[in-house]
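K.L.:
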Amino acid sequence: MSETILSIRNLTANVDDTPILKGVNLEINAGEVHAIMGRNGSGKSTLSKIIAGHPDYEVTGGEIIYQGESILDKEPNERANSGIFLAFQYPLAIPGVSNLDFMRVAYNAKRKYQGLEEIDTFDFEDLIEEKLEVVKMNPSFLERSLNEGFSGGEKKRNEILQMALLDPTLTILDEIDSGLDIDALRIVSDGVNQLKTPEKGYLVITHYQRLLDYIEPDIIHVMKDGEIITSGGKELALELESRGYDFLDDKSTAGVGV
Amino acid sequence: MAVQIPFATISQVTESAVVEDIFLTGLLQQCQIDKNQPQWLRDVRQQANSWLSRLSVPTRKDEDWRFIDLSDLTQTKFVTSSVMRANGYSPLEKTENSRMVFVNGIYNTEFSNINGLPKEVYVGDLNNLPQEYDAKEYFAQCHGAQDVFTSLNTAGGNNVTVIWANKNTIVETPIHLVFITDGESESIFTQPRMLVVGETGSSISLLEEYTGVGEYFTNAVTEVYLKENARVNHTRLQEESKSSYHIGKTAISQERDSHYTINEINLGAKLFRHNPEVLQQGEQTESNLNGLTIAMEEQTSDTHSIVALTKPCGNTNQLHKCIVGDRAHTVFNGKVFVTKEAQMTDATQLNRNLMLSPKARVDTKPELQITADNVKCAHGATVSQLEADEIFYLRSRGLDENDANQLLIDAFAAEIIDRLPLESLQTKITETIKQKVSN
Chain A
1 MSETILSIRN
11 LTANVDDTPI
21 LKGVNLEINA
31 GEVHAIMGRN
41 GSGKSTLSKI
51 IAGHPDYEVT
61 GGEIIYQGES
71 ILDKEPNERA
81 NSGIFLAFQY
91 PLAIPGVSNL
101 DFMRVAYNAK
111 RKYQGLEEID
121 TFDFEDLIEE
131 KLEVVKMNPS
141 FLERSLNEGF
151 SGGEKKRNEI
161 LQMALLDPTL
171 TILDEIDSGL
181 DIDALRIVSD
191 GVNQLKTPEK
201 GYLVITHYQR
211 LLDYIEPDII
221 HVMKDGEIIT
231 SGGKELALEL
241 ESRGYDFLDD
251 KSTAGVGV
Chain B
1001 MAVQIPFATI
1011 SQVTESAVVE
1021 DIFLTGLLQQ
1031 CQIDKNQPQW
1041 LRDVRQQANS
1051 WLSRLSVPTR
1061 KDEDWRFIDL
1071 SDLTQTKFVT
1081 SSVMRANGYS
1091 PLEKTENSRM
1101 VFVNGIYNTE
1111 FSNINGLPKE
1121 VYVGDLNNLP
1131 QEYDAKEYFA
1141 QCHGAQDVFT
1151 SLNTAGGNNV
1161 TVIWANKNTI
1171 VETPIHLVFI
1181 TDGESESIFT
1191 QPRMLVVGET
1201 GSSISLLEEY
1211 TGVGEYFTNA
1221 VTEVYLKENA
1231 RVNHTRLQEE
1241 SKSSYHIGKT
1251 AISQERDSHY
1261 TINEINLGAK
1271 LFRHNPEVLQ
1281 QGEQTESNLN
1291 GLTIAMEEQT
1301 SDTHSIVALT
1311 KPCGNTNQLH
1321 KCIVGDRAHT
1331 VFNGKVFVTK
1341 EAQMTDATQL
1351 NRNLMLSPKA
1361 RVDTKPELQI
1371 TADNVKCAHG
1381 ATVSQLEADE
1391 IFYLRSRGLD
1401 ENDANQLLID
1411 AFAAEIIDRL
1421 PLESLQTKIT
1431 ETIKQKVSN
């Protein structure tokens, strides 16, 4: 049996005292790609932010175990440095912060956490040049302010570039497909697929089945109203695509396929 | 209705009664006037003296001073000094041969060196100015010369530094003036004074720097005259000590097709006030005013600017940014006047404030007065905090909270710092801000 990377047990969470997750269970093993689908407001993006440690959400019960350790008490930066990476649905643009400097600071934060020496500007530039190839990004993007004036596709490629650089153990892609045309979607998914290895775990959050043609999941979960209501194989995505999310309204319990 | 541009005027002064302001009189008595100065200069000083006798230190009842309190200043007794120590001044790269340093108001030959400047630009004391330059036409003749602190400087100031660029002279090396005050043993009063004249087609870069230790009061005045098609790139760096007071005036008079840019960086002083006042007197004139103020602890930092556009096709851009933390207080008032004759004006003004603490205070008052009917003018002000979502984004990439905050503060400041002329200066300021904000 392969190693468990992430284990979420009975997770409940509030935002501003309103329950938003109502008992989520999820287990991701090394080498597995899990997808979470669901309508807007079903709680799927919330789940990704909670795993990354967003301070706006209050965990009211349950556990998140990452590589055998509870991370609920850990700061977002500790989670990141220990190998959890969240690719944002809406990556923030920060004028005045150079993309290159930002990535160097992030990379060095991780090295420091691992007890390694920080690397200098020149070595870092060589390193990042290699990674640019993964998402076919023009080096000129590094000189610009972080995500400022980037198109939707460029922002998402920049997220995958960060993923390539930080080499996470658990990658969470939060609606990485939103706002992408088909070419950008292909570049982004190719990037993710190139980085895939059997030691790592992946959680892909999406509204549409389309993304799953490019990043193939092993298991698909459907979230509704703060819970995973059903899980299954690839055929579940196709069923959702053809019948819409409405057919789930009639289902009372989980258990298609698996 | 004609636009009233609120530069201090003679009539405002002469119509007032004679008052005896103890603080001003006390300061003036400290000032030793050089006996060797020419008659015209004595006359100018005498006139300023007579204005001063009718003026008093402004209070919160004066509209332009209502956000700040000068009572700590006026209750302190200051003396002028002949001490010339200058410990710990670390000179900036690239201005080794174009630098004049003043310590407690006195020219310091040891630290100064202007051998790197061409002879087509005069840099030196007014008393040594060669005959071919007519300083009388300019000195203390700028708009607003009648205002109280400017009058005090004119009446009592001793060293006037003249920077005069001849016709079509282009000097790329920044001309660097450093005013260091040491108020460790006594509360010192200094009155730096500069007269800058850019003749037709000339182009110079000017770096004015204030720094010091201990308690003191700097009352600085800089007059800048730009002839046709002249350019001045002006950096004003205020890094005064934590217990000092600094009041400064920069009066700029521009003829047609001239370009003036100021980047002011205000980091120090317990109480700081700067009044940049621009008068565009010719067509197609451009004035850019950029400012960055960082105020922490109990600092008060106030910039009150005036830009008056009086001829067609003028252009002005202003971006003033403030970072305010602890219990500090920043003030911005930017007045832009567009007179009836100033058609086709293009004016923008923006004040952005970043508040780092709930106890900090920001007062902002952008003002536009337009009489012309075919102009493009925009102004605005924003007040914000560090964005929680931005901090989370950075932390989700492994930065700890301090580093994330620092990166965002640096980014806010960078928009102004990037406009400074020397890379060594940009690095120095970025580093200073980092230390100031994280303390």
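Chains as they are written, first to last, in the numbering used here: chain A, 1 to 258; chain B, 1001 to 1439. The beta-carbon is built from N, C-alpha and C at its ideal position, and this holds for glycine as well. These figures come from a predicted structure and were not determined experimentally.
Over the uninterrupted beta strand (DSSP E) stretch that includes Ala-1347/B, give me the two end residues.
P.N.:
It spans 1346 to 1355 - the beta strand (DSSP E) in which Ala-1347/B sits, taken as one unbroken run.
K.L.:
Report the option in Asn-1315/B, Gln-1141/B and Tyr-1216/B whose CA atom is closest to the CA atom of Leu-1271/B.
P.N.:
That would be Tyr-1216/B, whose Cα lies nearest to the Cα of Leu-1271/B.
K.L.:
List the whole-angstrom C-beta distance separating Ser-145/A from Val-97/A, where the pair is believed to meet the contact cut-off of C-beta under 8 Å.
P.N.:
With a Cβ gap of about 6 Å, Ser-145/A and Val-97/A count as contacting.
K.L.:
Short check: CB of Phe-1179/B to CB of Tyr-1210/B, under 9 Å?
P.N.:
Yes, they are a contact pair.
K.L.:
Arg-9/A and Ile-65/A - do their beta-carbons sit closer together than 9 Å?
P.N.:
Yes. Within cutoff.
K.L.:
Look at the alpha carbon of Val-1121/B and the alpha carbon of Pro-1366/B, and state the distance between them as a whole number of angstroms.
P.N.:
Using only the alpha carbons, I get a separation of about 37 Å.
K.L.:
What are the start and end residues of the beta strand (DSSP E) that includes Val-1278/B?
P.N.:
1271 to 1280 is the span of the beta strand (DSSP E), which, as asked, contains Val-1278/B.
K.L.:
Would Glu-143/A count as contacting chain B if we go by Cβ distances under 9 Å?
P.N.:
So, not an interface residue.
K.L.:
Excluding five sequence neighbours on each side, which residues of the same chain lie with their C-beta closer than 7 Å to the C-beta of Asn-1351/B?
P.N.:
Contacts found: His-1320, Phe-1332, Gly-1334, Thr-1364, Pro-1366 and Ala-1381.
K.L.:
Could you say if the segment 1369 to 1377 of chain B and the segment 1394 to 1410 of chain B meet the contact criterion of at least three C-beta pairs nearer than 8 Å?
P.N.:
Result no; under three Cβ-Cβ pairs closer than 8 Å.
K.L.:
Using 8 Å as the threshold, is the segment 98 to 113 of chain A in touch with the segment 183 to 203 of chain A, meaning 3 or more CB pairs across them?
P.N.:
With the cut-off at 8 Å, the segment 98 to 113 of chain A and the segment 183 to 203 of chain A do not touch.
K.L.:
With a floor of 4 residues, list each alpha helix (DSSP H) that falls wholly inside the segment 1389 to 1431 of chain B, ordered by position along the chain.
P.N.:
Within the segment 1389 to 1431 of chain B, the complete alpha helix (DSSP H) runs of at least 4 residues are 1401 to 1417.
K.L.:
Using a C-beta to C-beta distance shorter than 9 Å, which residues of chain B count as neighbours of Leu-92/A?
P.N.:
Residues of chain B passing the Cβ test: Glu-1387, Asp-1389, Glu-1390, Phe-1392, Tyr-1393 and Leu-1394.
K.L.:
Look up Ile-1092/B in the DSSP assignment and say whether it is helix, strand or coil.
P.N.:
The question names Ile, yet the displayed sequence has Leu at residue 1092/B. The answer is coil: DSSP assigns Leu-1092/B none of H, G, I, E or B.
K.L.:
Along the beta strand (DSSP E) that carries Glu-78/A, what are the first and last residues, could you check?
P.N.:
Glu-78/A -> not in any beta strand (DSSP E); alpha helix (DSSP H) instead, spanning 76 to 81.
K.L.:
Three or more beta-carbon pairs under 8 Å between the segment 1222 to 1234 of chain B and the segment 1257 to 1276 of chain B, yes or no?
P.N.:
Flag = yes, the segment 1222 to 1234 of chain B and the segment 1257 to 1276 of chain B touch.
K.L.:
Could you tell me whether the Cβ of Gly-1380/B comes closer than 9 Å to any Cβ of chain A?
P.N.:
Answer no: the Cβ-Cβ gap between Gly-1380/B and chain A never drops below 9 Å.
K.L.:
Going by Cα to Cα distance, which pick from Thr-1430/B, Asn-1405/B and Ala-1404/B is closest to Ile-1416/B?
P.N.:
Here the closest residue by C-alpha is Thr-1430/B.
K.L.:
Tell me whether Ala-35/A sits in a helix, a strand or coil according to DSSP, three-state version.
P.N.:
Ala-35/A falls in the strand class under three-state DSSP.
K.L.:
Tell me whether Glu-159/A sits in a helix, a strand or coil according to DSSP, three-state version.
P.N.:
In this structure, Glu-159/A counts as helix in the three-state DSSP scheme.
K.L.:
With DSSP as the reference, identify every bridge partner of Ile-1306/B, one or two as the case may be.
P.N.:
Its beta-bridge partners are Glu-1277/B and Lys-1335/B.
K.L.:
Please report whether the beta-carbon of Ala-1411/B lies at a distance below 9 Å from any beta-carbon of chain A.
P.N.:
Closer than 9 Å to some Cβ of chain A, the Cβ of Ala-1411/B qualifies, so yes.
K.L.:
Hey, is Glu-1341/B's beta-carbon within less than 9 Å of any beta-carbon in chain A?
P.N.:
Chain A contact via Cβ: absent.
K.L.:
For a test of your reading of the model: does the CB of Glu-1264/B fall under 8 Å from any non-hydrogen atom of the ligand GTP? Yes or no.
P.N.:
With respect to small molecules bound, the structure shown includes none, and the ligand GTP cannot be examined in it.
K.L.:
Could you check how far apart the C-beta atoms of Ala-1295/B and Val-1338/B are, in whole angstroms? I think they sit under 8 Å.
P.N.:
The Cβ separation is near 31 Å, so there is no contact.
K.L.:
Let me know the secondary structure DSSP gives Gln-1369/B once reduced to three states.
P.N.:
Gln-1369/B falls in the strand class under three-state DSSP.
K.L.:
Beta carbon of Thr-1169/B, beta carbon of Pro-1118/B: below 9 Å?
P.N.:
Result yes, Cβ atoms of Thr-1169/B and Pro-1118/B sit closer than 9 Å.
K.L.:
Between Glu-1390/B and Leu-92/A, what straight-line distance do the alpha-carbon atoms span, to the nearest angstrom?
P.N.:
Going from the Cα of Glu-1390/B to the Cα of Leu-92/A covers about 6 Å.
K.L.:
What three-state label does DSSP hand Glu-1215/B in the structure shown?
P.N.:
The answer is strand: DSSP assigns Glu-1215/B an E or B state.
K.L.:
Distance check for Arg-1193/B and Asn-1104/B, CA to CA, integer angstroms please.
P.N.:
If I take the Cα positions, the gap works out to 13 Å.
K.L.:
Taking 8 Å as the cut-off, does the segment 1141 to 1150 of chain B touch the segment 1239 to 1254 of chain B (at least 3 CB pairs, one atom from each stretch)?
P.N.:
In short, these stretches touch, since the Cβ pair count reaches three.
K.L.:
Within 10 Å of its beta-carbon, does Pro-1174/B have 16 or more other beta-carbons around it, so buried, or fewer, so exposed?
P.N.:
Result: buried.
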